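Structure first, commentary second.
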Amino acid sequence: MVGFVQVFALLQATALALECHPQGPILPRPRNLTRSASFQAALANLTRTLDAAVTGEIRAGWDIRNVSLSIGLVSLDQNDASMPAWEYHHLASGNVNGTKVLDRHSQYLIGSISKVVSDAVLLRSGVNIDDPITKHIPSLNNASSLISWDNITLRALASQLSGIPPNYGFSEYYYLKEYFEYLGFPHLNDSSFAECGIIGLNGGCSREQFLRGMHEVYPVAPPTSRPVYSNIAFTLLMYAVQSVTGKTYTQLVHDLISVPFNMSSTLPSPGNDSLAVIPPVANSWGSNYADNAPGGGLVSTLSDLSSFLHAILDRTLLPTGAAGVREWLQPRSFAGSQYSFVGMPWEIYRPPPELLFPGYNGTSGENGHSVTVVAKDGAAYGYRARIAVVDEYGVGIVVLTAGDPNAMTSVYDAVLSTLVSAVDRVAGEEAEAQYVGRFVGQSEGVRVNATMELDGTSLKLNSLYRNGTDMLLALKEVWKVTLAMFLPSLENTGRFRLYPAEIEKMVELEGRKVVEEDWRMWWDVELEIDTDLPGKGLSGSDCLSWSFADWIYYGGELMDRVVFVKDVGTGEVLGVDVPFLRTGLMGKLGRNEERMETREL
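This is the structure we're talking about:
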């Protein structure tokens, strides 16, 4: 009970955060995104804007003669997993090598997006991700090593939390040695450098040389203390999987990713020159990344990455199904910013809502909200790429560029800002049509009714009556008498917002198959304490309302659960049930019925 008291002591101290809601969808994911007129209009406008950028009509922010790009929007309702719901391609006028026809099957180097594929290989391989790396590579367990390898798990390596360096050998600029000496650095003999992997001095590392080198590298941070970007972590990770499966990395990608998800062009470099997007600038197309491929050496296409993201969105990518994919998309660590987090190996970003939603009202939290973007950036010489999953909307983004690295950032930002506001608008349109309205029923001869409205951003339970009694007022009284010792003042509370719980059950109702869709009531607690003590308002940005969930029951039914009943095929909302009031199904009234009901009242 102590923890609960502490939580509510914080709540008493000041008002809750201006934006405070359950993590996940604010409204149900759009079912008919690709058929939405408003969404298609937004995409058409984005296409025109990109056309204006690549033709020089507006400032692009990069050298349009030397940048080729492919962009795709992935949606749950697209007809074919490998065919994005929307795509855009531009072949730079300066391109002379590689493909002459740029489309979704054209190949790009994807850099560190390879790490996401490697993590997917790990998660699909059946290898225990909580094994220490030394279980699979015992030679790392060396008394002379500066790193405590026994304390580093495969999960830590896959999540950028191992604390080991980014590279081995690659970070040495031996070919600039004389310039370093000119700048005042001391002269070094060649014996001072690593025995392999030094560009301009020696060849790439064999597995044995690489593992010997791991005894000499310095740790950057203690394991799991903070994220440290590491390419070599993924070399070690795949060595471990190879030791269990007996397959090479190329075979693992082919068997676990390319074949099951129709991603035939996703493979370690080098790719197919005739399909390649080769920029007219210095680039690494055609390079053999050897054992460095798991961290950044894959080739892929828009079509393949569309299939990959679609398999994430529809929860089929991992053998553990929906639960495994949801866990995979969760953050693993902070990343030094209030907006940035690190996943496995995702780069997770929650941009300020005002950057995504025109007209966002930060005071009320309406007309916009925080959106979690689970992304991974990739870079190779001459190439930048990014994939992103916006899971709460059921959409993904792929941006592949060849040429000026600045192009990726500005293009991606344009796509993300357009996409989020447009999809959010469609979600609101569908919710308005299906969930908003008046619901009426009879429960053991007692009349029950409720109204729902779309309040700025989320669904709001506007009224709830049983036998003429205002049950929302009754709920406030219940909370007062049950939680008075923790919440002495509830005078400022008001809105009863509803959020989808992402829990569904298929049942039969009067011979008809329906879906029971759980929603949870989120109490907007607004507490302000009149105090002269310093720090007033400090806890106001700490969202703790999640601790209210499932707290009070009435006769075995929790008092924050509301159930919408929907047709299985069409998704049409047939009615709503409030189980703790034993309302049974309250049917949704049509517009004419609503007007008649209003006149009767």
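Numbering (mature numbering (1 follows the signal peptide of the UniProt record, and there is no 0)) for the sequence shown: -17 to -1, 1 to 584. Every residue gets a Cβ at the ideal spot worked out from N, C-alpha and C, and that includes glycine. Since the structure is predicted, the reported quantities are computational estimates derived from the model, not experimental observations.
What residue range is occupied by the uninterrupted alpha helix (DSSP H) comprising Ala223? Indexing the sequence shown from 1 puts residue 223 at position 240. Residues 215 to 228.
Of all the options Tyr156, Lys98, Arg14, Asn111, which has the alpha carbon lying nearest to the alpha carbon of Tyr212? Indexing the sequence shown from 1 puts residue 212 at position 229. Checking every option, the nearest Cα to that of Tyr212 belongs to Lys98.
Give the single residue among Gly269, Asp438, Phe153, Leu137 whose Cα lies nearest to the Cα of Gly146. Your numbering for residue 146 matches position 163 in the sequence shown. Residue Leu137 is the option with its Cα nearest to Gly146.
What is the residue span of the beta strand (DSSP E) that Glu487 lies within? For the purposes of this step, residue 487 is taken as residue 504 along the sequence shown, with counting starting at 1. Looking at the DSSP string, the run of the beta strand (DSSP E) that includes Glu487 is 479 to 492.
Residues bridged to Asn432 (per DSSP): Translated into the one-based positions of the sequence shown, residue 432 becomes position 449. Val423, Tyr448, per the DSSP bridge assignment.
Taking C-beta to C-beta, are Val372 and Gly379 nearer than 8 Å? The residue given as residue 372 occupies position 389 in the sequence shown. The residue given as residue 379 occupies position 396 in the sequence shown. Cβ distance < 8 Å, so Val372 and Gly379 count as in contact.
Please report how far the alpha carbon of Ser257 lies from the alpha carbon of Ser441, in whole angstroms. For the purposes of this step, residue 257 is taken as the residue at position 274 of the sequence shown. For the purposes of this step, residue 441 is taken as the residue at position 458 of the sequence shown. Computed Cα separation, rounded: 50 Å.
What number of angstroms, rounded off, separates the C-alpha of Arg333 from the C-alpha of Val354? Start at 1 with the first residue of the sequence shown, and residue 333 comes out as number 350. Start at 1 with the first residue of the sequence shown, and residue 354 comes out as number 371. Their backbone Cα atoms lie some 6 Å apart in a straight line.
Check whether Val110 and Val224 have beta carbons under 8 Å apart: Counted from its first residue, the sequence shown places residue 110 at position 127. Counted from its first residue, the sequence shown places residue 224 at position 241. Yes, Cβ-Cβ distance for Val110 and Val224 is below 8 Å.
Work out the CA separation of Glu500 and Gly570 for me, nearest whole Å. Numbered from 1 along the sequence shown, position 587 holds the residue referred to as residue 570. Numbered from 1 along the sequence shown, position 517 holds the residue referred to as residue 500. Taking the straight line joining both Cα atoms gives about 15 Å.
Coarse secondary structure for Gln192, derived from DSSP in three states: Here residue 192 corresponds to residue number 209 of the sequence shown, with the count starting at 1. Reduced to three states, the DSSP call for Gln192 is helix.
Pull the bridge partners of Asp501 from the DSSP assignment, please. For this step, residue 501 is matched to residue 518 along the sequence shown. Note: Asp501 sits in a beta bridge opposite Ile486, Val546.
Beta carbon of Ala385, beta carbon of Pro262: below 8 Å? Position 402 of the sequence shown, counted from the start, is the residue given in the question as residue 385. Position 279 of the sequence shown, counted from the start, is the residue given in the question as residue 262. Yes, they are a contact pair.
Alpha carbon to alpha carbon, how far is Leu52 from Val382? Give it in angstroms, no decimals. Looking up residue 382 in the sequence shown gives position 399. Looking up residue 52 in the sequence shown gives position 69. Between Val382 and Leu52, the C-alpha separation is close to 7 Å.
With which residues is Lys571 paired in a DSSP beta bridge? The count along the sequence shown starts at 1 and reaches residue 571 at position 588. Paired residues: Phe422.
Any beta strand (DSSP E) of 3 or more consecutive residues that is wholly inside the segment 47 to 101: 51 to 58, 69 to 73
Per DSSP, which residues does Glu412 bridge with? Please list them. Position 429 of the sequence shown, counted from the start, is the residue given in the question as residue 412. In the DSSP output, where bridge partners are listed per residue, Glu412 has none listed.
Answer yes or no: does any C-beta atom of chain C fall closer than 8 Å to that of Glu161? Annotation note: the requested chain C is absent from the structure, which comprises a single protein chain.
What distance in whole Å lies between the Cβ atoms of Ala259 and Thr82, which are believed to be in contact at a cut-off of 8 Å? Here residue 82 is taken as the residue at index 99 of the sequence shown, counted from 1. Here residue 259 is taken as the residue at index 276 of the sequence shown, counted from 1. Right, their Cβ atoms sit about 6 Å apart.
Which stretch, first to last residue, makes up the alpha helix (DSSP H) that contains Leu235? Your numbering for residue 235 matches position 252 in the sequence shown. From DSSP, the alpha helix (DSSP H) with Leu235 extends over 232 to 236.
According to DSSP, simplified to helix, strand and coil, what is Lys519? Reading the sequence shown from its first residue, position 536 is the one you call residue 519. DSSP places Lys519 in coil when its eight states are reduced to three.
Does the beta carbon of Asn80 fall short of 7 Å from some heavy atom of the ligand FMN? Of the ligands one can find in the structure shown there are none, so the ligand FMN has no counterpart to examine.
Would you say Ala142 and Val325 are within 8 Å of each other, going by their C-beta atoms? Your numbering for residue 142 matches position 159 in the sequence shown. Your numbering for residue 325 matches position 342 in the sequence shown. For the record, residue 142 in the displayed sequence is Ser; it is not Ala. Yes, the Cβ-Cβ distance between Ser142 and Val325 is below 8 Å.
Ser290, buried or exposed, once every other Cβ within 10 Å from all chains shown has been counted against 16: Residue mapping note: residue 290 aligns to position 307 of the sequence shown, counting from 1. Result: buried.
Using a Cβ-Cβ cutoff of less than 6 Å, which residues in the same chain neighbour Lys496 once the five nearest sequence positions on both sides are dropped? Locating residue 496 in the sequence shown gives position 513, where the first residue counts as 1. Within the same chain, Lys496 has close Cβ partners Val551.
Which whole-angstrom value describes the C-beta separation of Leu184 and Phe176, a residue pair presumed to lie in contact below a C-beta threshold of 8 Å? Looking up residue 184 in the sequence shown gives position 201. Looking up residue 176 in the sequence shown gives position 193. 6 Å between Cβ atoms; contact.
I think His352 touches Pro336, with their Cβ atoms under 8 Å apart; what is that distance to the nearest whole Å? For the purposes of this step, residue 352 is taken as the residue at position 369 of the sequence shown. For the purposes of this step, residue 336 is taken as the residue at position 353 of the sequence shown. With 8 Å as the limit, His352 and Pro336 qualify as a contact, their Cβ atoms being about 6 Å apart.
So, with DSSP's three-state summary, where would you put Leu137? Your numbering for residue 137 matches position 154 in the sequence shown. Leu137: helix per DSSP, three-state reduction.
Val110 - containing beta strand (DSSP E), residue span: Residue mapping note: residue 110 aligns to position 127 of the sequence shown, counting from 1. Val110 -> no beta strand (DSSP E), and no H or E assigned at all.
Extent of the continuous alpha helix (DSSP H) run through Leu29: As a first step, residue 29 is located in the sequence shown; it is residue number 46 there, counting from the start. Taken as a continuous stretch (DSSP letters only), the alpha helix (DSSP H) holding Leu29 covers 20 to 37.
Close Cβ partners of Leu572 (< 8 Å) along its chain, the five nearest in sequence each way excluded: For the purposes of this step, residue 572 is identified with residue 589 of the sequence shown, where counting begins at 1. Around Leu572: Gly420, Arg421, Phe422, Val423, Glu580.
Quick one, are the C-beta atoms of Ile54 and Tyr71 less than 8 Å apart? Taking the first residue of the sequence shown as position 1, residue 54 is located at position 71. Taking the first residue of the sequence shown as position 1, residue 71 is located at position 88. In this structure, Tyr71 lies closer than 8 Å to Ile54 by Cβ.
How far does the beta strand (DSSP E) with Thr384 in it reach, from first residue to last? The count along the sequence shown starts at 1 and reaches residue 384 at position 401. Its beta strand (DSSP E) spans residues 378 to 385.
Per-residue burial, Tyr151 [other beta carbons within 10 Å of its own, 16 or more giving buried]: Residue numbering aside, residue 151 sits at position 168 when the sequence shown is read from its first letter. Buried: at least 16 other Cβ atoms inside 10 Å.
Report all residues from its chain with a CB closer than 6 Å to the CB of Glu375; omit the five preceding and five following residues, and keep chain order. As a working mapping, residue 375 is identified with position 392 in the sequence shown. The answer, listed in chain order, is Gly7, Pro8.
Decide if Trp462 is buried, meaning its Cβ has at least 16 other Cβ atoms within 10 Å, or exposed. Position 479 of the sequence shown, counted from the first residue, corresponds to residue 462. The residue in question, Trp462, is buried, as its Cβ has 16 or more Cβ neighbours within 10 Å.
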